[in-house]
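**Q** I'd like to ask you about the structure that follows.
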Amino acid sequence: MAVYTRSGRARPHGSGFELGVWYLMRLSGLALFVLALGHFSITHFIFDPANETSQWIVDERWGSVLWRTVDWLMLTMVVLHSFMGVRTVVQDYTHGGARTALTMLLYLTGIALFLMGTMAVMTLPFPVK
Amino acid sequence: MLAWAFHRISGVAIWAFVLLHVLDIWLVGANRGLYDEVLRFYASPVGRVGETLVGAALLYHALNGLRIIVMDFWPATTVFHKQLWYASWVVFVVVGLPGAYIILRPIWAGAS
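Taken in order, these protein sequences are the chains called A and B.
Read in order, the letters of the first sequence correspond to residues 6 to 134 in the numbering used here.
Read in order, the letters of the second sequence correspond to residues 15 to 126 in the numbering used here.
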């Protein structure tokens, strides 16, 4: 079981993979504070789900390379942050073969999801104007 | 302990929603008709209640996560970990209540 402090998981010692993950969680967390809360605000407070159709996504949300880049950045950050977060949960409650199997399954699912999201944001045609 | 438990529960819940949410946006290219049906569900009363819960989990996780980052990189603030937690709940209520009202209002105001 990982060590938890008043704040979160204690900073791992040394300079290995776990320390990298520790920093990654905090950096991607900061990015998502802006990206994910911004995304939720745009889709619920600026616009309303009642007016959001796939046509609206083609014409407005993903009508520019800039917004697609922002959303792809959010996809990258959220896949890293959420899957590495669940990895910590898995490693807290499992051990041995189950831990290895679940962690590998998690990595594969994360990669597949990242590819599907990348495919969606990159292959959807731009609006014909 | 409670802050940690809420952070973990909200985190796993958001992860589950991210799985669904990337799969549904994938449909925009793969099966647009089906994607429009998913979007109609998001706009329905049940969908709006669900989005309010996802939003609450996201807001708590974001605010408590920020508190963790502040204390990790500015250890002196750890003394005020409890005050920071209460402060994050104040922001949660001040931002969350109007937010929930905006999302849920169409249920009784009639869908636009």
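Backbone N, C-alpha and C fix where the C-beta goes; we use that ideal spot for every residue, glycine too.
With H, G and I counted as helix, E and B as strand and the rest as coil, what does DSSP make of Ser126(B)?
**A** Legend: pLDDT at Ser126(B) = 49, less than 50; position of this residue unreliable, value from coordinates given subsequently. Coil, per DSSP.
**Q** Can you name the residues of chain A whose CB is closer than 7 Å to the CB of Ala71(B)?
**A** Going along chain A, no residue has its Cβ under 7 Å from Ala71(B), so there is no contact; the nearest lies around 11 Å.
**Q** Am I right that Val39(A) and Val26(B) are in contact with their C-beta atoms under 8 Å? What's the rounded C-beta distance?
**A** At roughly 22 Å, the Cβ-Cβ gap does not stay under 8 Å, so Val39(A) and Val26(B) are not in contact.
**Q** I want to see whether chain A comes within less than 8 Å of Val32(B), judged by CB atoms only; does it?
**A** By this cut-off, Val32(B) is an interface position.
**Q** Whole angstroms is fine: what's the gap from Ser126(B)'s alpha carbon to Leu80(A)'s?
**A** Bear in mind that the predicted position of Ser126(B) carries a pLDDT of just 49, short of 50, making it too unreliable to give a figure here.
**Q** Classify Asn45(B) as buried or exposed, calling it buried when 16 or more other Cβ atoms lie within 10 Å of its own Cβ.
**A** Asn45(B) should be labelled exposed.
**Q** From Ser59(A) to Tyr49(B), what distance separates their C-alpha atoms?
**A** Cα to Cα, the separation comes out at about 7 Å.
**Q** Measuring alpha carbon to alpha carbon, tell me which residue in Val93(B), Val108(B), Ile83(B), Gly110(B) is nearest Arg31(A).
**A** When each option's Cα is compared against that of Arg31(A), the closest is Ile83(B).
**Q** Among the residues of its own chain, which have a CB less than 6 Å from the CB of Gly122(A), if the five just before and after it don't count?
**A** Cβ within range, chain order: Leu80.
**Q** For Ser102(B), which residues of its own chain have a beta-carbon under 6 Å away from its beta-carbon, when the five flanking residues on both sides are left out?
**A** Leu77, Asn78, Arg81.
**Q** May I ask you to verify whether the stretch 104–121 of chain B touches the stretch 60–77 of chain B, counting CB pairs closer than 8 Å and requiring at least 3?
**A** Yes, since at least three Cβ pairs between the stretch 104–121 of chain B and the stretch 60–77 of chain B fall closer than 8 Å, the two stretches touch.
**Q** Let me make sure I understand the geometry here. Which of Gly69(B), Tyr56(B), Leu67(B), Val63(B) has the alpha-carbon closest to that of Leu118(B)?
**A** The shortest C-alpha separation from Leu118(B) is found at Val63(B).
**Q** Along the chain, where does the alpha helix (DSSP H) that runs through Leu129(A) open and close?
**A** Taken as a continuous stretch (DSSP letters only), Leu129(A) belongs to no alpha helix (DSSP H), as it is neither H nor E.
**Q** Would you say the stretch 40–54 of chain A touches the stretch 94–107 of chain A, given that touching needs at least three Cβ pairs under 8 Å?
**A** These segments do not touch.
**Q** Judging by CA-CA distance, which residue of Gly124(B), Arg22(B), Ile116(B), Met15(B) is the nearest neighbour of His152(A)?
**A** This structure cannot settle anything about residue 152(A), because the visible part of chain A is limited to 6 through 134.
**Q** Contact defined as beta carbons within less than 8 Å: I believe Ala15(A) pairs with Val26(A). What is the distance between those atoms, to the nearest angstrom?
**A** Not confirmed; about 13 Å, so no contact.
**Q** Say whether chain A places a C-beta atom closer than 8 Å to the C-beta of Ser126(B).
**A** With a pLDDT of only 49 at Ser126(B), under the threshold of 50, the placement of this residue in the model should not be trusted; the figure read from the coordinates follows. Yes, Ser126(B) lies at the interface with chain A (some Cβ there is under 8 Å from its Cβ).
**Q** Suppose contacts are defined by Cβ-Cβ distances below 8 Å. Is Val83(A) in contact with Leu129(A) by that definition?
**A** No. Outside cutoff.
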